[in-house]
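Sequential numbering of the sequence shown, starting at 910, is according to the working numbering.
To keep things clear, I will list the structure first and then write my remarks on it.
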Amino acid sequence: MNYCRKEKLFYVNQKELTWLTQIKTLNHKHNLEYQNVILNQIKSFYKFLNNPVIKKFDLKLFAFDSLENDLQKIKLKGDTLLNINFANSTSWRKKLLLNIDSYLKKNYLIKNEIISLQFIGSIGSKNLISYSDFDCVVILPLMKSLNDNLNLKIKRLLRKLRYFSLQFDPIQHHDIFILTEDELISGIKPFYPLSLFEHSWGYGRNHFYTSKNNLYPENRINFLINNQYFRSLSENNITNISLYSLKYILSSAFMIPVYFYNFKNIYGLKSELIKKALGEHRPIKSNFDLISNYRLKWPQPKKKLIKKVILKSCLKYLSYEKVNQLNKSIEYYFYNRKIKLYLNDMNTIVSKCLEISNYFTKILARKNY
């Protein structure tokens, strides 16, 4: 494998490097009017939400009048955590999800349909396994429709959801996802295909607004980033890793076929696109089955009172970033022995992931998508 320092890209040959560089260069935010203003506003809002010390958010009002004719309404389905399949889940996880259900139904923002909370991933498909993350998306209305009182309520809700999520999966590799109508209406590309919300369900507001033709994220850069991630891991030859990092590697592996189809403007649920890939591309099946087996025998997280106490207290006084960092350190202690189950096979897992990724890269580069 070769490496181009200028472009910071791993590549097989010069022809592939030219293709990879083109993808990287063409990736850019759409230079729509207002975009930088909105991004800065959202950055400020997230800073307020993520830090318990900050008590006030200074909103700079922004008019979307010129975009009113370019709006579309996305409908959301309502359902409850009571209706998911708990057969492959531990009793304490089931109890935790039922507590979350009770909390959400009583929450002011949910009861009054000011915001929406949608479940995606394995919870969204109502099929929990030991590997499952706490995948949910909080969808906020236009920030100009909020006030100081509502902002503080959103902040408290987010803190509570993080408290729940880090109990549910202590080594979860992402935060609670947040979408605002401000970014969606202004044309800022979402991180998640908005069309997939027709398969999800949740609580609160039963719709949100976005600009037309803004249903999908950038379709090509994710594949490149994912491929470069596995090439980098392979070149560096892993010798020491945490269970958190291993889970991230396995999660990234499952996104390879998804990003492959997204690259070609084909979108769908992760499970559907994986099934499609295994049916259409038989050479990846044995490698993908091997990776899947590691995922299926993922160790069940254990309920620890000390973790719960630390989380509850820290979330009141520390930023989410610091709490998450502390939580991973604590979890490393509890999971330390379990890491050894995977360490000997780590480089094998990475090599299989890379083979799958390079297989799809070769197809895309050959057809010059």
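Glycine included, each C-beta is placed from N, C-alpha and C at the ideal position.
Given the structure is predicted, the values throughout are model-derived calculations rather than measurements.
Taking C-beta separations shorter than 7 Å and ignoring five residues to either side along the sequence, the partners of Thr-989 in its chain run Asp-1010, following chain order.
Here the C-alpha atom of Leu-1214 lies approximately 11 Å from the C-alpha atom of Lys-1221. Judged by DSSP secondary structure, Phe-1086 falls within the beta strand (DSSP E) whose first and last residues are 1086-1089. Straight through space, the alpha carbons of Phe-1163 and Gln-1234 are spaced by roughly 25 Å. Remark: C-beta atoms of Gln-950 and Asp-1091 approach each other more closely than 8 Å. Non-local beta-carbon contacts of Asn-1171 in its own chain, meaning distances under 6 Å to residues more than five positions away in sequence, involve Asn-1128 in chain order.
Sequence-distant partners of Gln-1076 (beyond 5 residues in either direction) whose C-beta falls short of 8 Å from its own C-beta, in its chain, are Leu-1005, Lys-1212, Lys-1216, Lys-1217 and Leu-1220. For Trp-1207, there is no enclosing alpha helix (DSSP H), as DSSP marks it with neither H nor E.
Taking the Cα positions, Trp-1001 is about 27 Å away from His-1108. Counting along the chain, Ser-1031 sits inside no beta strand (DSSP E); it lies in the alpha helix (DSSP H) bounded by residues 1030-1033. Two segments are said to touch when three or more pairs of C-beta atoms, one from each, lie closer than 8 Å; by this definition the segment 954-968 touches the segment 1058-1071.
The Cβ-Cβ distance between Phe-1139 and Leu-1263 falls below 8 Å. Taking 3 residues as the minimum length, the beta strand (DSSP E) runs contained wholly in the segment 1071-1114 are 1086-1089 and 1110-1113, in order along the chain. Contact between Ile-1258 and Tyr-1203 holds: their C-beta atoms lie close to 6 Å from each other, under 8 Å.
Looking from the CA of Lys-969, the closest CA among Ile-947, Val-921 and Asp-979 belongs to Ile-947. One thing to note: Tyr-1153 has its Cβ no nearer than 8 Å to the Cβ of Gly-987.
Per DSSP, Val-1167 is one residue of the alpha helix (DSSP H) stretching across 1152-1172. Per DSSP, the unbroken beta strand (DSSP E) holding Tyr-920 starts and ends at 918-920. A Cβ-Cβ contact shorter than 8 Å links Ser-1266 with Asn-1135.
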